[in-house]
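Chains as they are written, first to last, in the UniProt record's numbering: chain L, 1 to 503; chain V, 1 to 270; chain B, 1 to 318. Glycine is no exception: its CB is placed at the ideal position from the N, C-alpha and C atoms. Since we're looking at a predicted model, the values are computed, not measured.
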Amino acid sequence: MKKQRIALLGAALATAVALAACGSGGGSGSSAGAAPDANAVVQVGSLYEPQNLDNTGGGGQGVTEAFNGNVYEGLFRLTDDGKVEPLLAASNTVSADGLTYTFTLRDGVKFHSGKALTSADVKYSIEKVLAPDSKSARKSSFPEIKSITTPDARTVTVTLAARSISFVYNLSYVWIVNDQAGNLAAKEDGTGPYTLDGWKRGSSLTLKKNPSYWGTPAKNAGVVFHYFTDGSALDNALLTNAVDVVTSEQNPDALAQFTDNPAYKVNDGHSNTKLLLAFNDKVAPFNDVKVRKAVSSAIDDKKLLQSIWGDHGSLIGSMVPPTDPWYTDLTGVNAYDVNAAKALLAEAGHPNGFTFTLDTPNYDPHPTVAAFVKSELAKVGITVNINVITPDQWYTKVYQNKDFTATLQEHVNDRDVVWYGDPNFYWGYDNPQVTAWIKQAEQAGSEAEQTELLKKANQQIAADAASDWLYLYPQIVVASTKLSGYPVNGLNSQFYAYGITKG
Amino acid sequence: MRRRVFLVTGIVLVALVLAVALVSLFWTPFPAADTTGGRLEGPGAHHLLGTDKLGRDLLTRLMIGARIAVAVGLGAVALGAVLGGLAGLLAGFANRWLDDTLAALLDILIAFPTLLLAMLVVAARGASLASAIVAIGLAMSAIVARLTRVLVKRVLAMDYVTAARTSGVSWPRIVTAHVLPNIWPTLAVNLALQFGLAVLAEASLSYLGLGPPPPNASWGRLLQEAQSTVLTAPTGAIAPGVLLVVLVVGVNLLADGLRDVADPTRRGHR
Amino acid sequence: MTRYLVRRAALLVGTLLLASVVLFLLLRLLPGDPANALLSVGATPDQVAAARHQIGTDRPLPAQFGHWLSQLATLHFGDSFVSSLPVGPEIVSRLSVTVPLTLAAFVLAVVVAVPVGFLAAHRAHTWYGALAGLVSQLGIAVPAFWLGLLLVWVFALNLRVLPAGGFPPDGWSSFPDAFRALVLPVVTVAVVMAASLIRYVRSATLDVLGSDHLRTARALGSSFPGAMWRHGVRNAAVPVVSVLGIELATTFLGAVVIESVFALPGLGSMLVRGIAQHDYPVIQGVLFVSTLAVLVVGFLADIAQRLIDPRLRGGIAR
Chain L
1 MKKQRIALLG
11 AALATAVALA
21 ACGSGGGSGS
31 SAGAAPDANA
41 VVQVGSLYEP
51 QNLDNTGGGG
61 QGVTEAFNGN
71 VYEGLFRLTD
81 DGKVEPLLAA
91 SNTVSADGLT
101 YTFTLRDGVK
111 FHSGKALTSA
121 DVKYSIEKVL
131 APDSKSARKS
141 SFPEIKSITT
151 PDARTVTVTL
161 AARSISFVYN
171 LSYVWIVNDQ
181 AGNLAAKEDG
191 TGPYTLDGWK
201 RGSSLTLKKN
211 PSYWGTPAKN
221 AGVVFHYFTD
231 GSALDNALLT
241 NAVDVVTSEQ
251 NPDALAQFTD
261 NPAYKVNDGH
271 SNTKLLLAFN
281 DKVAPFNDVK
291 VRKAVSSAID
301 DKKLLQSIWG
311 DHGSLIGSMV
321 PPTDPWYTDL
331 TGVNAYDVNA
341 AKALLAEAGH
351 PNGFTFTLDT
361 PNYDPHPTVA
371 AFVKSELAKV
381 GITVNINVIT
391 PDQWYTKVYQ
401 NKDFTATLQE
411 HVNDRDVVWY
421 GDPNFYWGYD
431 NPQVTAWIKQ
441 AEQAGSEAEQ
451 TELLKKANQQ
461 IAADAASDWL
471 YLYPQIVVAS
481 TKLSGYPVNG
491 LNSQFYAYGI
501 TKG
Chain V
1 MRRRVFLVTG
11 IVLVALVLAV
21 ALVSLFWTPF
31 PAADTTGGRL
41 EGPGAHHLLG
51 TDKLGRDLLT
61 RLMIGARIAV
71 AVGLGAVALG
81 AVLGGLAGLL
91 AGFANRWLDD
101 TLAALLDILI
111 AFPTLLLAML
121 VVAARGASLA
131 SAIVAIGLAM
141 SAIVARLTRV
151 LVKRVLAMDY
161 VTAARTSGVS
171 WPRIVTAHVL
181 PNIWPTLAVN
191 LALQFGLAVL
201 AEASLSYLGL
211 GPPPPNASWG
221 RLLQEAQSTV
231 LTAPTGAIAP
241 GVLLVVLVVG
251 VNLLADGLRD
261 VADPTRRGHR
Chain B
1 MTRYLVRRAA
11 LLVGTLLLAS
21 VVLFLLLRLL
31 PGDPANALLS
41 VGATPDQVAA
51 ARHQIGTDRP
61 LPAQFGHWLS
71 QLATLHFGDS
81 FVSSLPVGPE
91 IVSRLSVTVP
101 LTLAAFVLAV
111 VVAVPVGFLA
121 AHRAHTWYGA
131 LAGLVSQLGI
141 AVPAFWLGLL
151 LVWVFALNLR
161 VLPAGGFPPD
171 GWSSFPDAFR
181 ALVLPVVTVA
191 VVMAASLIRY
201 VRSATLDVLG
211 SDHLRTARAL
221 GSSFPGAMWR
231 HGVRNAAVPV
241 VSVLGIELAT
251 TFLGAVVIES
261 VFALPGLGSM
271 LVRGIAQHDY
281 PVIQGVLFVS
291 TLAVLVVGFL
301 ADIAQRLIDP
311 RLRGGIAR
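And the structure:
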């Protein structure tokens with residue numbers, strides 16, 4: 001059984017999106033004396049095999065990891081510190097009302113098939129993401145687009161129906177594909193520094209250096225992604241030198257064998273993945289804010305994090321991770337306090353506690369966390385029935401039908417605090433003030449304004465204990481010390497490989 | 001003589017696990033949900049076998065695991081014996097065409113490995129102790145049915161049974177007087193073997209995360225959880241496996257011993 | 001014999017048809033909607049309907065079944081719901097791992113089990129005979145995945161002589177790597193398979209050794225090997241061949257957990273993924289191919305039994 005990490009919405013939708021991912025960041029420790037070998041092939045170990053090779057066709061998290069920036073490129077790229085920089089767009093202008101964007105394309109860019117990049121390809125690529133049959137996880141993040149026009153081969157103009165401050169940011173997730181390429185489920189035609197050499201399903205995917213790349217060529221001869229369904233098998237591959245680097249270590253207890261070994265470097269990066277105890281805020285007893293606060297206060301998040309991840313990961317008091325501009329430290333809100341929890345329960349009319357069912361996805365770490373929550377809540381008199389379900393059942397029962405009382409789920413998407421502004425979202429949090437703030441933030445005229453509004457929203461959901469944010473995952477890249485130039489903030493998604501050298 | 005030793009060993013091993021499972025119903029070193037221990041403590045005076053990640057006592061978890069293993073084994077064997085036995089009897093007595101069809105159906109069912117059939121059942125019913133029992137019991141019933149069918153046919157072909165049938169003895173009477181007494185020893189031995197296989201199948205199912213839900217972890221689940229900590233806390237990755245082997249070896253020795261007792265033609269031979 | 005072959009072949013085809021019906025219906029009993037796997041955040045009912053239409057689950061069951069059968073007739077297995085890639089080529093690619101794994105483990109198991117099983121019966125009173133019996137007892141009782149993990153721990157992590165898992169990207173083109181990748185999985189599967197085979201061989205040998213005609217032959221002055229060959233092997237082989245057939249067939253897909261332990265791109269892991277994602281074409285395709293394999297193996301085992309033992313040449317579904 002795949003212990004696949006499910007993003008918010010089931011395997012195919014797990015297009016986890018990295019906030020800050022970059023090629024130049026990590027792995028400074030190159031082995032002494034050895035010169036990088038330009039002919040070296042980098043062996044990458046990953047838990048996320050693509051479903052197919054099309055990120056608008058349900059390719060999932062895996063294809064983003066393997067292809068984003070490596071095989072396909074967007075008009076913009078996200079840098080290490082989460083800034084957006086132009087990539088295939090040479091320049092862009094925005095009209096005064098914030099509704100019309102004009103992009104000028106870079107010269108001399110060719111697809112792997114040999115065709116030159118034109119504005120028609122860009123129009124096609126954006127429309128592909130927004131098409132009715134598109135399975136892109138970014139689709140819903142896009143504002144309503146009124147029109148896309150191509151005045152000439154190097155210019156694209158996009159007109160929006162409403163202002164959208166994240167539009168350019170979101171464009172960095174749109175792969176520019178050849179409009180003549182047809183079905184891309186099993187092949188590729190991108191503009192990136194690598195071309196696809198082969199895909200052995202269930203096992204590996206091979207990229208080789210693109211000799212006629214328009215920009216700075218890759219520093220290695222190629223990359224092989226090796227796919228594993230089990231974290232321990234992946235660690236074993238790293239220990240036996242079958243792979244050089246693990247994109248996202250999910251096995252905290254295995255870390256000791258790498259930290260103590262001079263042949264490996266363990267990199268702690270930034271993560272977006274939050275583990276939530278999500279209440280159904282619309283049904284009893286969790287429609288009562290006091291009950292939610294009581295449960296949040298009754299669980300010792302620190303002990304839980306320590307149990308699951310040892311010394312890695314961090315606590316968050318709300319949905320926003322520290323890497324977002326609108327982060328504020330809210331760990332003090334509804335902090336661990338058993339007596340406060342008991343008092344709140346008594347106030348809410350449950351002096352002797354109550355019983356509820358916790359829908360728990362069947363893959364790690366949820367079952368273990370459920371057992372912990374059960375034992376913590378027993379201390380304040382609350383009885384938890386653990387109901388283990390498959391990802392598919394989670395999607396249908398919890399996400400779609402909202403037929404649950406409380407559930408556990410890891411949320412991997414970035415900037416997803418905005419979901420608390422949607423009263424129809426599965427957790428049913430409905431605070432009109434928060435909804436308004438989040439809507440205004442998206443249409444804000446400046447980033448400062450957006451940040452201010454989202455900060456307020458974030459503080460409010462914490463005060464309302466809309467969910468219980470148990471902890472923020474660590475993002476750990478483990479690599480052989482022979483390797484340098486690999487990204488460390490991949491956030492389970494992008495893994496830019498072109499800067500990697502092997503000494 | 002050696003056979004006797006095996007039989008006794010088997011009885012002792014099985015009794016040991018049964019006793020642990022029974023005791024766990026009334027007493028465990030720590031409450032099942034107790035997380036007061038340290039993270040991954042080694043074996044010591046307080047926690048005899050150490051603790052897991054959440055600070056739960058390993059011995060407690062092993063004892064509860066024994067209960068689950070025994071429950072799954074007994075439940076699956078009961079289900080498999082009833083369903084498979086009935087289907088096998090039906091096929092054994094049936095006319096040629098019905099028999100051929102049933103045999104073909106059984107062949108198809110047996111073509112699905114137990115584990116995959118179990119995964120389909122779990123996918124349909126959700127993971128629980130009952131699902132595991134139903135899943136494994138169903139898969140087992142095809143095997144039991146096939147064996148029963150062959151045994152029934154063999155008995156029916158015996159001269160005195162044929163004589164009884166032609167002289168007008170009723171079907172139920174033939175089943176109770178001739179068929180069941182004749183096939184029972186072989187069937188019982190086979191069911192004992194199936195018990196061991198059921199315990200192993202449940203371990204695999206739990207290893208894949210499809211077994212009984214937490215916090216009551218079965219041995220397979222314990223092995224899966226301990227896999228990542230094998231270097232820091234090897235006890236957790238070894239003890240459940242050893243217990244599994246003890247139970248299954250015990251049951252198999254018991255079955256072998258019983259067969260030799262039931263089938264005297266084999267005894268004079270060594 | 002020809003008449004038997006024709007009837008047995010007809011039974012094979014009939015069984016296969018029956019199997020495809022059973023398969024098809026069994027899958028439709030699974031709860032959950034495969035269309036869900038295709039949708040993104042906040043899908044509208046229209047989008048759900050569109051997704052169902054796209055993968056064809058909005059059509060009535062008989063129509064879906066007919067479509068599947070017509071695809072089968074042209075040796076196509078359809079496209080995966082999830083990846084929209086054709087299922088057939090992936091099955092073929094994964095067979096290149098599963099078939100060598102199964103056959104190698106089978107051959108190894110037989111080579112080990114037959115002599116050991118014989119010794120365990122014939123020389124039960126010696127220490128090595130007893131040891132053979134004991135080893136087989138342990139082999140049956142060890143969970144395969146645990147054995148695999150222990151082997152990885154010893155041979156891959158500590159001794160560093162074999163890879164811990166995975167399969168080379170270019171498959172059998174790099175033969176030494178592919179071979180090394182299969183050593184530990186083959187041994188794991190073979191040990192488990194051999195352990196149960198030893199029991200059957202031992203029990204069949206005991207039956208034969210205790211049989212009257214062997215004793216008669218010995219009493220009439222035949223040498224033990226001679227009598228054993230003429231009367232023993234034939235009689236012992238019949239039940240063993242039948243068991244071999246079942247063992248070979250169930251290992252074919254039964255190696256799911258082993259494939260997961262060793263990260264092998266085999267048929268079993270494809271099926272597990274298909275079940276998790278409700279990907280009907282994948283599940284149907286894999287199960288159809290494996291059922292076909294199982295039935296063909298059973299067919300061959302039946303014929304082999306008849307060639308060995310003329311007494312069986314009577315009824316058909318024995």
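Assigned exposure category for residue i - 16 Cβ within 10 Å defines buried
i	result
P143/B	buried
K146/L	exposed
S141/L	buried
Y128/B	exposed
G25/L	Because G25/L sits at a pLDDT of 39, beneath the cut-off of 50, its placement in the model cannot be relied upon, and the point is left open.
N362/L	buried
G33/L	Per-residue confidence for G33/L stands at a pLDDT of 47, beneath the threshold of 50, marking its modelled position as unreliable; no derived number is given.
M63/V	buried
A21/L	In this prediction, A21/L scores a pLDDT of 31, lower than 50, which makes its location untrustworthy; the coordinate-derived value is nonetheless stated afterwards. The residue in question, A21/L, is buried, as its Cβ has 16 or more Cβ neighbours within 10 Å.
W184/V	exposed
Q433/L	exposed
I6/L	In this prediction, I6/L scores a pLDDT of 39, lower than 50, which makes its location untrustworthy; the coordinate-derived value is nonetheless stated afterwards. Label assigned to I6/L: buried.
Nearest-angstrom Cβ-Cβ length linking residue i and residue j, presumed shorter than 8 Å
i	j	result
L13/V	G250/V	3 Å
S131/V	G80/V	The pair is not a contact, with the Cβ atoms about 15 Å apart (cut-off 8 Å).
V148/V	L187/V	Just to set this straight, residue 148/V is Thr in the shown sequence, not Val. Their Cβ separation, rounded to whole angstroms, is 7 Å, which keeps T148/V and L187/V in contact under 8 Å.
P100/B	L151/B	Not confirmed; about 18 Å, so no contact.
L472/L	I316/L	5 Å
S307/L	K53/V	5 Å
V186/B	A104/B	5 Å
P193/L	Y498/L	4 Å
Member of the options whose CA lies at the smallest distance from the CA of residue i
i	options	result
G117/B	V13/B, L16/B and A204/B	A204/B
residue 504/L	A96/L, L160/L, S95/L and G69/L	Summary: the structure shown does not reach residue 504/L, with chain L confined to residues 1 through 503, and so no result is reported for it.
V261/V	V189/V, P212/V and A217/V	V189/V
G209/V	G349/L, H350/L, A436/L and D230/L	D230/L
E188/L	W214/L, A254/L and E73/L	E73/L
F24/B	R8/B, H67/B and R3/B	H67/B
H47/V	L59/V, L54/V and K53/V	L59/V
V17/V	D256/V, A255/V and L243/V	L243/V
L206/B	V240/B, F179/B and A195/B	V240/B
Where residue i meets chain V, residues with beta-carbon distance less than 7 Å
i	result
L231/L	A quick correction: the sequence has Gly, not Leu, at residue 231/L. What G231/L touches in chain V: S228.
Contacts that residue i makes with chain L (C-beta to C-beta distance below 8 Å)
i	result
A124/V	Going along chain L, no residue has its Cβ under 8 Å from A124/V, so there is no contact; the nearest lies around 10 Å.
Chain-ordered chain B contacts of residue i [CB-CB under 9 Å]
i	result
Y228/L	Per the sequence presented here, residue 228/L reads as Phe, with Tyr not at that position. Going along chain B in sequence order, the residues near F228/L (Cβ under 9 Å) are G165, G166 and A263.
Proximal chain L residues relative to residue i, where beta-carbon distance stays under 9 Å
i	result
H122/B	Within chain L, no residue comes near H122/B; the closest Cβ sits about 42 Å away, beyond 9 Å.
Contact set between residue i and chain L, taken where Cβ atoms lie within less than 7 Å
i	result
residue 289/V	Because chain V spans 1 through 270 in this model, residue 289/V falls outside it and cannot be assessed.
Interface partners of residue i on chain B, CB under 7 Å
i	result
P51/L	At residue 51/L the sequence reads Gln, which differs from the Pro that was named. In chain order: V82 and S83.
*Which residues, taken in chain order from the segment 182-204 of chain V, show a beta carbon closer than 7 Å to some beta carbon of chain B?*
G196, L200, A203 and S204
*the segment 383-409 of chain L: which residues have C-beta closer than 9 Å to a C-beta of chain V, in chain order?*
I386, N387, V388, I389, T390, D392 and Q393
*Quick one: which residues of the segment 251-264 of chain L get their C-beta closer than 9 Å to a C-beta of chain V? List them in chain order.*
N251, P252, D253, A254, A256 and Q257
*Compile a chain-ordered list of the residues in the segment 120-150 of chain L whose CB is closer than 9 Å to at least one CB of chain B.*
P132, D133, S134, K135, S136, A137, R138, K139, S140 and S141
*Near-chain B residues of the segment 234-253 of chain V - C-beta to any C-beta below 7 Å*: G241, L244, V245, V248, V249, N252 and L253
_Contact list for the segment 118-148 of chain B against chain V, Cβ threshold 8 Å_ = A124, H125, A130, Q137, L138, I140, A141, V142, P143, A144, F145 and W146
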